[in-house]
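Using the numbering used here, read the sequence shown as starting at 102 and increasing by one per residue.
Here a beta-carbon is modelled for each residue, glycine too, at the ideal position from N, C-alpha and C.
Just so we're clear, the structure is a prediction, and the values are computed from it rather than from any experiment.
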Amino acid sequence: MADHLPPVLLEACVVLGASSDKLSEVYQAMNSNGSPEHLLLDPEVLYILAPPFVSRPRAESEAVRPHGKRRRSFLQKKRKQLPPAAASPIQGGREEASVPKDIDLMALPQLCFPGGLQVTNEQKDEQFHFLVFTDVFGNKTHGVVMQCYRPILEGTSALQEGVGALKSSKLFSAYSFCVISKYPYFTALKDCLSCLLIQLRTCHLSDMEEKVKEFAAKLALVPIPPPGRLHLMFTLCPLTIVLPSREDKDHPVIDLDLHLPFFCFRPQQLLQGLSCLLQEQRVVLFSADWARLTLVAESFLLFLQPLSWQQPYVPVLARGMLDFLMAPTAFLMGCHLSHFEEVASETDDLVLINIDNGSVSTSCSETLGLPEIPPAAADCFTKRSQTLQINFDLSQCNRASCTDISEQRAQRRAWQHKLNLDIQRITLELIVNIFRDVSNHLNYEHRVFNSEEFLKTREPSEQLFYKQVLETHIFHSFLKDRLHRKMDNFARMELSTRSEIHRMKAMVEVPRRRTMQEIQARRKSSISGSATSKRLGMSLPDLGHDNTLSFQRNTMLSRIIMSDSAASVFRLPDFPASLSFCSVQSYYRKLIQLLGKAIFSVQKEDSMLLARFYYLRGFINTLCWRRLDALGDFQNLNKTDTAIFPTQLVTWLVDSLHRDERQQADRRPELKRLILRVETDNEKPSVQPDDHVKKFELPRKHLHQEEFVRCVQECGIVKDVATIHRLFDALTNGQPKQVDPKLFRVFYTFWKETEAEAQDFNLPSEVIEHLDNSECVYKLSSCVKTSLGVGKIAMTQKRLVLLTVGRQAFLEITKFRDIQEVKIATAPFLLLRIPSLRIQTSGRVEVFEANLKTETELWNLVVKEMWAGRKMADLHKDPQYITEALTNVLLMDAVMGCLQTQRPIIAASKLAYFDKIKHEAPMMVPKTTSETLKHRINPSLGLAEPQTVHVLLYTPGQLTCNDSKSVMNPKLWVALSGGKVVVFDAASWSMLQDCIQVGASQLNCMLGLVQEQVWIGSQDSVIYILDTHSMSCNKQLTEHRQEVTGLTVDLRDQHNGYRDVILSRQHVNLINQQTYSCSCDGTILQWDTASLKVKRQLHLSCERLSSIQIYDGTLWCCGGDCIVEMKKSGTPQRRVELLDEVPGSFSSFIVIPERGQVWTGWANSGELCLWHTNNHTRPSKRISLPSCSGVTCMIRVKDQIWVGCRGRSGIEGPCDGQLRNQVLVMDAESHAVAKELQAHSDSIQTLCSAEDRYVLSGSACRDGKIAIWKVE
């Protein structure tokens, strides 16, 4: 229940100080040696108070217990970690105290005494400071700490006998009272602690725990106001305290004075601090006042809304935590001012913000050397901030003095609320002015932002700032919200300033449907806590700022954020005098009555406010176990405001209804409808994105194979055609080759339900801790008996684990790569023999056995398929195999669930593709291949079928835009069938751009020029020019009349003469360029790369001109019937003719000028010919290539010749998994085959060198993969 209920104000109240034994030692030492001026002790947790504070009826407790997670025992933990002397005060007469799971008790004492626990010889004033705790999932918990001093004498006399006579001198020890809440109610909780302080001043130390417990129990009765226009007010003698509500569920609570940074900093320094955060620098705040650190840090982060800080955030660092500042990542932390010099001198690259004197500097310099916020946006912010009235006393000069503290506090709250709204508007306008027009450059279908086009609208002086910001996690998180069309204050302000055309365009586009990969990524995020993965950062380009700013939109801005007088205030009843169960229930009943009156008063006036009252009353009814009344209140939200409908809570309430309650609900039509809707929604897949965009409808007639493929692809189950064909065979097992529409509907429903279940597996935190960040549970068995105990078998993409029954434990069964054998056996049970699954794991003597009963055959298929997929992935160094195996497994599960035949396992077995390969074509990757192969990537990922890799181009990393600090990673450009170009980051081999459409025809050649262009020759006779920054094809050269087959460039270095250029795929980064292109009709064009004009046109008479290269300033041309050396004037010099005895035509060639050699390959002959340039009538040597029926491509790397081959048709097997097409590595000196590399099941189409460190090979469509080889 606790997991679904909105939290109350109090999460926990912790009292900290020195242990009684330590205080006694100090007291005795003081009597012996005199009073020390300054003494520091180690703080400890004395006791912790957390709800619930009243006992529940036994029957209700039994009903609630199965639905909530148990909190870990604080007392048990302390017994293990603390000495016995420290445990006594904690017990407080109770058997056990519970600790909220998000509180880190190990760090709490240091944070509550950041300067150390002091023992002084004089009474000190009370001090407050504020804490923020962030767990590994990014969830925040907030604390307000009150530190006060109590005399040691009183404490020691209360805990020890015989020490009461020492009254001549006193020592004072610090105690801390920390109130922890899920919400940042800093001001409200400070007020609450101030009220507690009044009671503590007059009570004995022995009574302190009871006072604190009473205080905590009262705060535990205060609900959190729902998002919207309703604040809550309660009285905690002598103050009246207000809890402001959030604007909506996506916005944080604001309960602090946002104008404090304007007191501490001038606008220029404030903008510098925000700029550092936007650029995700390592920022450290300093102040002599611990309280200022968190308040200023929180204000800074609120100023960045809706951008959300993604990096480590520790606003208060105790003196023993300064090593945190050595973290290499970006962070926002806070330190005491006394550590300023130490931190500045010992740590590099820190941004140091001194709150007390308003300075912003770095640890290396007194000035800030980082790019600043663009001037136009900064000027607008400065002008706005100068209009703020940030002095309350100044605003009250003309008013009468308040004689009532409640009235004065109310005036102060109203003034602060209005000022906070003004500041929010100003800072929001700043963010909008920085990132205005983002959505105009977004492609929602492919989730890509065109950074280059956006940056073209920015001023040159602003480029560096944007390049820094656009690479940050904070921006990527913000951009993710934009791609999801999140309609927050930013979107509303930006939309309000658009033209009408842009506004309408933004309203008609919808986000694309999320795929399985996106669901997995979201799960990974929820587990790892990582807000964004690196892959996302690489796949999204950049962002910038708009140069059109608005300075006259006050009326518009006032409507973006909640207006000043929009919120209403609801007063909670007075707290009960006694905190017994009956008194608490009486308090709740009175609160329900007050809410009933409030509902009646606004019944016909304000539906938004009415919804908040219904929400609160439903919440209180839930706390009182009045489930039907609670459901009735939540049902009313459908008529008032569904945005705050608590789906999880309502689902829990429906599931927990007793039989008599269910019968009563069935007699109430509105509750019956609600329950039916909840149960229906629970059966639906939880992910229902964009079916209406595709306008997909389930089929109404029988589906033949072609229609079945289309239907499966449209509904988003799987895209791969080969997999869909196997699915078709499975669903039509033994039947006519067509799928019944009813069967398809059942299959589709089962698939979606399984997908939703896999996404929503509720794993205990103890289990999640054992899983890798990337792991997801995809399949879960029923509860079965195994050799490791009773539990459920869970399958991830890496392994099998057992989740035991009772105390949730995590037992690893096996990793898929470690499996040696999987088989079905039978286990005796009375007179029966129950089928079981046995798994033998390498390195383990014992065999795992599970009595899976009717699930045995399916799990046998599942485990074998995952085992085979993992083996294939490891052998070929291609992680996609395990993903494909996982898809097959999920399809098997769906087929088993939807078929009503006697033996559905036979149909499901047709999807066991990798297990079939393993048995039909057992394959071992040769040792040479395994040692040379580094990785394999799939450029056709997400496409329906593998595509032929026609051309590969590697472009090295380099400095961009004349900016010595901005580095562009190396890229791999891949030309696929149909004019598609895919771009990979060659540093991580992650996909940057999934599809750039370059015409519609086959692409034959690519050439990289300078840092900005990639030239692509196409079969449609056009040369397309890609902009490497925008990834857009914005230029075309149409001078060729036939298919463009080759591109090359000649570089002339003024000092070193000509430099060799290898093949037509070498990237060029020099100024003096002579670029050539050729077409199949023999036309050769020389281009001026600056003007893109033809400088010279040449023609070669040959059968088919397929490629050109430049060696030592001359053109070498490869025709089907000859290899020709040609002067740049067009005059042929040498001509190598095709041999009569060799069938086919020339396919490729390599020239080695220093050796005077020409290496040639034939398309239909498995041999190479070696020619000498001074005797080109006959080859000097013919080299036979093993298992080769033709040469497709060649490149030179160092002193090696890499040859791409087509395997002999006679030895190619029917199984796609066989590797029969080789890449041969030839020694240029010995002319021998140095290596035979096998990594493709179809002919090699292209080879590419990556700075002579790697060679990349791409294959035809039966394989469609790219292999990355190490060069020795």
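Proximity test, T748 beta-carbon vs the ligand GDP heavy atom, cut-off 6 Å
Ligands are entirely absent from the displayed structure, and the ligand GDP is therefore not among its contents.
Check whether chain B comes within 7 Å of W1188, counting only Cβ atoms and requiring the distance to be less than that.
Structure shown: chain B not included; a single protein chain is present.
State yes or no: is the C-beta of V1075 within less than 7 Å of the C-beta of P1027?
For V1075 and P1027, no; Cβs fall outside 7 Å.
For R302, which three-state DSSP category applies?
helix
Does the distance from the CB of I925 to the CB of F949 come in under 7 Å?
no
Name the DSSP beta bridge partners of G1109, please?
V1115
Nearest candidate by alpha-carbon position, reference V245, set L402, A113, R778, Q490
Minimum Cα distance to V245 is reached at A113.
Quick one, which of G435, S1031, K1072, C999 has its alpha-carbon nearest P215's?
G435
Which residue wins for smallest C-alpha separation from E223, given the options L232, F231, I253, G217?
For E223, the nearest C-alpha among the options comes from I253.
Backbone secondary structure at G374 - three-state DSSP
Helix.
Count the other C-beta atoms from every protein chain shown that fall within 10 angstroms of the C-beta of N492, then say buried if there are 16 or more, exposed otherwise.
exposed
Determine the extent of the alpha helix (DSSP H) in which L754 is found, giving its start and end residues.
748-756
Is there contact here, the region 667-684 with the region 302-310, by at least three beta-carbon pairs under 8 Å?
no
If we require 4 or more residues per run, which alpha helix (DSSP H) segments fall completely within the region 559-586?
564-570, 574-584
Is DSSP giving W1263 helix, strand or coil here?
strand
May I ask you to list the residues that DSSP assigns as paired with N1322?
Bridge pairing for N1322: H1341 [DSSP].
Tell me, to the nearest whole angstrom, how far the beta carbon of V397 is from that of I456; I am working on the premise that it is less than 8 Å.
5 Å
Taking 7 Å as the threshold (C-beta atoms), are A1351 and S1358 in contact?
no
Using 10 angstroms around the beta-carbon of R1142, count the other beta-carbons present and answer buried if the total reaches 16, otherwise exposed.
exposed
Looking at E381 and A431, is the spacing between their C-beta atoms short of 7 Å?
Yes. Within cutoff.
Return the first residue and the last residue of the alpha helix (DSSP H) that L828 is part of.
822-832
Identify the residues that DSSP records as bridge partners of L1216: which are they?
I1211, M1227
Secondary structure at M422, three-state DSSP: helix, strand or coil?
helix
H1273 (DSSP reduced to helix, strand or coil):
strand
How big is the Cα-Cα spacing for V1326 and I1018?
28 Å
Three-state secondary structure (DSSP) of L1077
coil
Quick check: the region 327-347 against the region 371-378, are there 3 or more CB pairs under 8 Å?
no
Reduced DSSP category for P936 - H, G, I as helix; E, B as strand; rest coil:
strand
Cross-strand partners of E913 (DSSP beta bridge):
V902
So N989 is in the alpha helix (DSSP H); what residue range does that whole segment cover?
981-999
Three-state class that DSSP yields for N492 in the structure shown
coil
If we ignore side chains and look at the alpha-carbon of each, how far apart do A668 and E985 end up?
54 Å
Bridge partners for M334 per DSSP, in chain order?
V343, R672.
Suppose you measure from the CA of A910 to the CA of K581; what does that come to, to the nearest Å?
36 Å
Report back the beta-carbon spacing between I454 and F404 to the nearest angstrom; my notes put them in contact at under 8 Å.
With 8 Å as the limit, I454 and F404 do not qualify as a contact, their Cβ atoms being about 13 Å apart.
Beta-bridge pairing of H1036 - partner residues as DSSP gives them
I1369
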